[in-house]
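S.K.: I am attaching a structure below and will ask some questions about it afterwards.
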Amino acid sequence: MAMAAAPAQPRFEHRTESGPVLGLGNPSPRLSWTLPSAAADFRQTAYEVEVRRETGVAAYRVESGEQVLVPWPATPLGSREAAAVRVRVAHGGDWSPWSEPAVAECGLLEPGDWSARFITPAAADGLGGQGDPAPVLTGRFTLPGRIRKARLYITAHGLYVPVLNGTRVGDEFLAPGWTAYQHRLRYQTHDVTGLVTEGENILEVPLGNGWFRGRIGFFEQRGFYGDRLALLAQLEVTTDDGSMHRFTTGADGSWTARESEILADDLYDGQITDLRRAGPAFPHRTGSVEVVDADLGGLVAPDGPPIRVTETVPAQKVWTSPMGRTLVDFGQNLVGWVRLRVRGAAGAEVTVRHAEVLENGEPATAPLRGAKAADTYYLADDVAEQTLEPTFTFHGFRYAEVQGVAGLDAADLDAVVLGSDLPRSGWFSSSDPLLDRLHENVVWGMRGNFLDVPTDCPQRDERLGWTGDIQVFAPTATYLHDAAGFLTSWLADLAAEQYPDGSVPFVIPDVLCTPTCATAAWADAAVLVPWALYERTGDRGILRRQLRSMCAWVDKVTELAGPDRVWGGGFQFGDWLDPTAPEANPYEARTDPDLVATAYFARSAQILAEAAALLDEPGVAEKYRALAQEVRAAFARTFVTGAGIVHSDTQTAYALAIAWDLLPEEHQRRLAGRRLADLVRTGGFRIGTGFVGTPIVCDALTATGHTEVAYRLLLQTGCPSWLYPLTMGATTIWERWDSMLPDGRVNGSGMTSFNHYALGAVADWLHRTVAGLAPAAPGYRTITVRPLPTAALTHAATRHVTPYGPAAVSWTRRDGRYRLDVEVPVGASAEIHLPGGDEPIVVGHGAYHWESADPVVSAGRPEPVTVRDLLDDAQRWPAIVEAAAATGVAPRGEAEVAGMVKPYLDAPAAFIAKALVPPESFRPGGALEERIADILGG
């Protein structure tokens, strides 16, 4: 019998809750499930879904092998309606046991479901204005009987923290999060059955400025979305007699306003809290509330998890700086705030300032620009020990400066890590500790910047949802964490804020409001992020929802490019932060921005054609397929020679042309790959790409047979490189390749973040190529296992929780043998590529092991014939570099030596000494020649 274990609890859409899913926004939620185990010959041929609701129980049998995002089989749920869902699967006539039931409950699906209205402190009372202490809105209500069920539906203009009968509701922070508020405002749903009581109840809700009214962007804007904080709350309680009692915000006199102990709050500047003002005994200023006229049609349920505290990190060290400051090191650059336990006199002032790095032993605050990033507290007079932490702010930091606390000890502090609570779904390890740390830096960079919106940085006066950053990082993001719901929400904002002409704002939500914002790579997020979600999750629904937005963007580019199909002129970010770009002008990269723009035009048109075909839109698909062909032809005609030389002659130019199949002839592709490899070699194996080229340069090298060159580029530790920041103590990915200079100074450009995930997009190559796990079909229903071992590593492994369950690949090289272990989840298959094999081995679910001769050892170490071969020789080349430096011929090291031999790559290997010290240089070269002769003879 081909039996399977009981499926795991079904999942609703992309929601990630481990318990009941409250506030579901889709009345017909798609379902997914995984199968923990099954017999080797099991193949799902049917499934049955049981839906239990108040109106009864019904089962729905479907003949299908699908288990990811299958259609809701029952009639749609109504507002507030709950259902318990369980599933079982069959192979022929053999059925698995039923899964445990999963419970989902819809929120308020229609504007008419809301009887609450937004309320704000009455303007006449002088409370809650810009610059005033944070207001607290308080409502009192009486319940006549014992409680059976209670739900709180709540949101705000600003940030809110609900407190019901003295207990904080939920574990969310910075709610309702950040969306394009004028189009979409999330509300949250809480089960408060255990918090309400028969008789009198009190709901208190402090409001903070947050994104709605606080500082936002680098133009010193305040009140971008409005100047009045407001609360919308609807508490619905069912008592034992079955009656419903509704308590709402409105103008019925049951709500009042008062000042809180939070004197000032801002996401960039921090929070000022006077703890002497906390509690009901303090004579706060009070007042009434008034209704705010607001459209409830934009209220939406969450698509993904909220912001939560995901970890606490203890302080590692406390010391006094050269300037006498008390400093704290938490050992990790992170996002959140400092929790500080203190003892002090009433009214004593304690201030915590934040910084990512030190410079000359002191906190480096210049990278913060205009953000104050400081939290200040005035201690209360009735508590021996007080715990200090803010409510309505967050900071990006590794280091803190604490003022006003004598005898501070490391045990007194923790860093509270904040972020969207995305379940971890991807891991990587290898035999190289620096490479492993690089991967962890990518993870920490994502954790810090995926705070409700995929931001560029978490520390300075910016923290915006730059489209270019997430466009390049989306494949990595969807591997490392379950980010599908998070990105689904962000894409809804993108579509809502897209301009009528199809242009896409630089940032989403759009607070820059740039009138002309059609820029390649950045705006292409409209096409490429939905596609990345589809590839990694199998969700066609996201393509359907975003199709109009995708078409609008490609149509805009078509208009800009004109009939010759080359997108030229106008402002472009280009290969942003190319390491050679001027500090003050990071868009002045070596790669022609017209080349970048036209390459992206071709890429987006092709992806759009494929998306339309999947959605059974043949006319749309053919339109954009033909357009993509025209653009590829225009690219080749304009930017590529017959010999495969790509205009600009840069790493990024070749990477784009190779990775995106923009070279029409195979010989052009071969020659372009060789030229790209030579550029990497003669650059001293340093990275030469910015945001655009970085995610794909290693792919382009491996696709054209230059895998070892890609590894040399990856494992380089000199500046610029992926590993250079690690040699400088980095624990996250930097914005610039040289955010900190080798002498320890902070890059003085004025735009320097030490937590910026974009350049960490190389992690996707670590997963797919170094460890060897990649999707061959959407959602990993078919997996490609094709690791490319290297002499530089003896081991690599990765694990990813696919929509079908965990998949894993691990390989080792030891004692002349190569061992490969693979795990494939039930419901998926894998194509295994073994060294020397012509065709892949196709397997179903299960665990597999293969062993063969080590392909690296088998290949041997060829004797270098040309100077190019010497650069590729991982043993001899470092020795030559060291000799050139030691003899004073090239004191600046590898990059200088590589540049000197650039014209002589095809010369005989022995010529390298003359290449480094040519006769016409009139420099003595005897010592170097002798050392090189010894190296070549060794």
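Residue numbers for the sequence shown follow this note's numbering, so the first one is 5 and each next one is one higher. We put the CB at the ideal spot given by N, CA and C, even for glycine.
In the structure shown, what three-state DSSP assignment does L271 receive?
M.R.: Working through the sequence shown from its first residue, we reach residue 271 at position 267. In this structure, L271 counts as coil in the three-state DSSP scheme.
S.K.: Is it buried or exposed, D543, if we count other Cβ atoms within 10 angstroms and call 16 or more buried?
M.R.: Stepping through the sequence shown from its first residue, residue 543 is reached at position 539. Answer is buried; the Cβ neighbour count reaches 16.
S.K.: Going by DSSP in three states, T736 sits in which element: helix, strand or coil?
M.R.: Stepping through the sequence shown from its first residue, residue 736 is reached at position 732. It is coil, neither helix nor strand.
S.K.: Using a Cβ-Cβ cutoff of less than 8 Å, which residues in the same chain neighbour Q225 once the five nearest sequence positions on both sides are dropped?
M.R.: The count along the sequence shown starts at 1 and reaches residue 225 at position 221. Excluding residues within five positions, the ones whose Cβ falls inside 8 Å are R219 and V515.
S.K.: Could you tell me the distance, in whole angstroms, from the CA atom of T654 to the CA atom of A704?
M.R.: Within the sequence shown, the letter at position 650 stands for residue 654. Within the sequence shown, the letter at position 700 stands for residue 704. A704 has its alpha-carbon roughly 13 Å from the corresponding atom of T654.
S.K.: If you draw a straight line from the alpha carbon of G748 to that of T260, how long is it in whole angstroms?
M.R.: Looking up residue 748 in the sequence shown gives position 744. Looking up residue 260 in the sequence shown gives position 256. One C-alpha to the other measures close to 54 Å.
S.K.: What residues are listed by DSSP as bridge partners for P367?
M.R.: Walking along the sequence shown from the start, residue 367 turns up at place 363. Answer is L362.
S.K.: Taking all protein chains shown into account, do 16 or more other C-beta atoms lie within 10 angstroms of the C-beta of G841, making it buried, or fewer, making it exposed?
M.R.: In the sequence shown, the residue the question calls residue 841 occupies position 837. Counting Cβ neighbours within 10 Å, G841 comes out exposed, since fewer than 16 surround it.
S.K.: Only counting the same chain, and skipping five residues up and downstream in sequence, which positions put a Cβ closer than 6 Å to that of G174?
M.R.: The count along the sequence shown starts at 1 and reaches residue 174 at position 170. If we look at G174 and ignore the five residues flanking it on each side, its Cβ neighbours are H194.
S.K.: Applying the criterion that 16 or more other CB atoms from any shown protein chain within 10 Å of the CB defines a buried residue, is D297 buried or exposed?
M.R.: For the purposes of this step, residue 297 is identified with residue 293 of the sequence shown, where counting begins at 1. By the neighbour-count rule (16 or more Cβ atoms within 10 Å), D297 is not buried but exposed.
S.K.: Sort T645, S493, A234 and G489 by Cα distance to T253 and report the nearest one.
M.R.: In the sequence shown, the residue the question calls residue 253 occupies position 249. Taking the Cα of T253 as reference, the smallest distance to any Cα among T645, S493, A234 and G489 is reached at A234.
S.K.: With distance defined between alpha-carbon atoms, name the residue in P583, V871 and A661 nearest to F695.
M.R.: Locating residue 695 in the sequence shown gives position 691, where the first residue counts as 1. Of the candidates P583, V871 and A661, P583 places its Cα closest to the Cα of F695.
S.K.: Am I right that A989 and G688 are in contact with their C-beta atoms under 8 Å? What's the rounded C-beta distance?
M.R.: Any answer about residue 989 is impossible in this case: the structure gives the chain only from 5 up to 942.
S.K.: Could you name the residues that DSSP lists as bridge partners for F401?
M.R.: As a position in the sequence shown, residue 401 is number 397, starting the count at 1. Bridge partners of F401: L338.
S.K.: Determine the contact status of V66 and A87, defining contact as a CB-CB distance below 7 Å.
M.R.: Start at 1 with the first residue of the sequence shown, and residue 66 comes out as number 62. Start at 1 with the first residue of the sequence shown, and residue 87 comes out as number 83. No; because the gap between Cβ atoms is not below 7 Å, this pair is not in contact.
S.K.: From G116 to L35, what does the alpha carbon distance come to, in whole angstroms?
M.R.: Counting from 1 along the sequence shown, the entry for residue 116 is found at position 112. Counting from 1 along the sequence shown, the entry for residue 35 is found at position 31. Approximately 27 Å, taken between the alpha carbons.
S.K.: With DSSP collapsed to three states, give me the class of I123.
M.R.: As a first step, residue 123 must be located in the sequence shown, where it is residue number 119. Here I123 carries a strand assignment [DSSP, helix/strand/coil].
S.K.: Enumerate in chain order the residues of its own chain whose CB-to-CB distance from L426 is below 7 Å, with the five nearest sequence positions on each side excluded.
M.R.: Here residue 426 refers to the residue found at position 422 of the sequence shown. Excluding residues within five positions, the ones whose Cβ falls inside 7 Å are P309, F454, H485, D486, A487 and F490.
S.K.: I need the DSSP call for Q238, collapsed to helix, strand or coil.
M.R.: Sequence index remark: in the sequence shown, residue 238 carries index 234 (1-based). DSSP places Q238 in strand when its eight states are reduced to three.
S.K.: With distances taken from CA atoms, which of G96, T159, W323 and L147 is nearest G111?
M.R.: What you label residue 111 is simply residue 107 of the sequence shown in a count that begins at 1. Of G96, T159, W323 and L147, the residue nearest in Cα terms is T159.
S.K.: Please determine if the stretch 239–246 and the stretch 150–157 are in contact, where contact requires at least 3 C-beta pairs separated by less than 8 Å.
M.R.: yes
S.K.: If distances are taken between C-alpha atoms only, which option among A375, G374 and G351 comes closest to Y382?
M.R.: Taking the first residue of the sequence shown as position 1, residue 382 is located at position 378. Here the closest residue by C-alpha is G351.
S.K.: Check whether the Cβ atoms of R347 and E389 lie closer than 7 Å to each other.
M.R.: Reading the sequence shown from its first residue, position 343 is the one you call residue 347. Reading the sequence shown from its first residue, position 385 is the one you call residue 389. For R347 and E389, yes; Cβs fall inside 7 Å.
S.K.: If you check the beta carbons only, do D278 and L267 fall under 7 Å apart?
M.R.: For the purposes of this step, residue 278 is taken as the residue at position 274 of the sequence shown. For the purposes of this step, residue 267 is taken as the residue at position 263 of the sequence shown. A contact, by the Cβ cut-off of 7 Å.
S.K.: Whose C-alpha, out of V713, V25, H853 and G23, is nearest the C-alpha of W881?
M.R.: For the purposes of this step, residue 881 is taken as residue 877 along the sequence shown, with counting starting at 1. Answer by Cα proximity: V713.
S.K.: Below 8 Å on the Cβ atoms is my contact criterion, and I expect T142 with E208 to pass it. Report the Cβ-Cβ distance as a whole number of Å.
M.R.: The count along the sequence shown starts at 1 and reaches residue 142 at position 138. The count along the sequence shown starts at 1 and reaches residue 208 at position 204. The Cβ separation is near 5 Å, so the contact holds.
S.K.: May I ask which residues mark the beginning and end of the alpha helix (DSSP H) holding F944?
M.R.: Any question about residue 944 goes unanswered here, given that the chain covers just 5 to 942.
S.K.: Rounded to the nearest angstrom, how far is the Cβ of G709 from that of G677, given a contact under 8 Å?
M.R.: Residue numbering aside, residue 709 sits at position 705 when the sequence shown is read from its first letter. Residue numbering aside, residue 677 sits at position 673 when the sequence shown is read from its first letter. So it is a contact: roughly 7 Å between Cβ atoms.
S.K.: Note the first and the last residue of the continuous alpha helix (DSSP H) segment covering Q672.
M.R.: The count along the sequence shown starts at 1 and reaches residue 672 at position 668. First-last of the alpha helix (DSSP H) with Q672: E670 to T686.
S.K.: Count Cβ pairs between the stretch 390–401 and the stretch 285–292 that sit closer than 8 Å; are there 3 or more?
M.R.: With the cut-off at 8 Å, the stretch 390–401 and the stretch 285–292 do not touch.
S.K.: The ligand MN and S103: does the residue's C-beta get closer than 6 Å to at least one heavy atom of that ligand?
M.R.: Because no ligand of any kind appears in the structure shown, any question about the ligand MN cannot be addressed here.
S.K.: Thinking L3 and V847 are a contact (beta carbons under 8 Å), I'd like their distance in whole angstroms, please.
M.R.: The chain is shown only over 5 to 942; residue 3 falls outside these bounds and no answer can be derived.
S.K.: Opposite K153 in the DSSP bridges: which residues?
M.R.: Counting from one through the sequence shown, the residue named residue 153 turns up at place 149. DSSP lists T242 as partners of K153.
S.K.: Would you please state the rounded distance, in angstroms, between the beta carbons of V558 and I474? I believe it to be under 8 Å.
M.R.: In the sequence shown, residue 558 corresponds to position 554, counting from 1. In the sequence shown, residue 474 corresponds to position 470, counting from 1. Not really, about 18 Å apart at Cβ, beyond 8 Å.
S.K.: Could you tell me the alpha carbon to alpha carbon distance between L683 and F16, rounded to whole angstroms?
M.R.: Mapped onto the sequence shown, residue 683 falls at position 679. Mapped onto the sequence shown, residue 16 falls at position 12. In a straight line, the C-alpha of L683 is about 49 Å away from that of F16.
S.K.: Under a CB-based cut-off of 7 Å, is G688 close to chain D?
M.R.: In summary, chain D is missing from the structure at hand, where a single protein chain is found.
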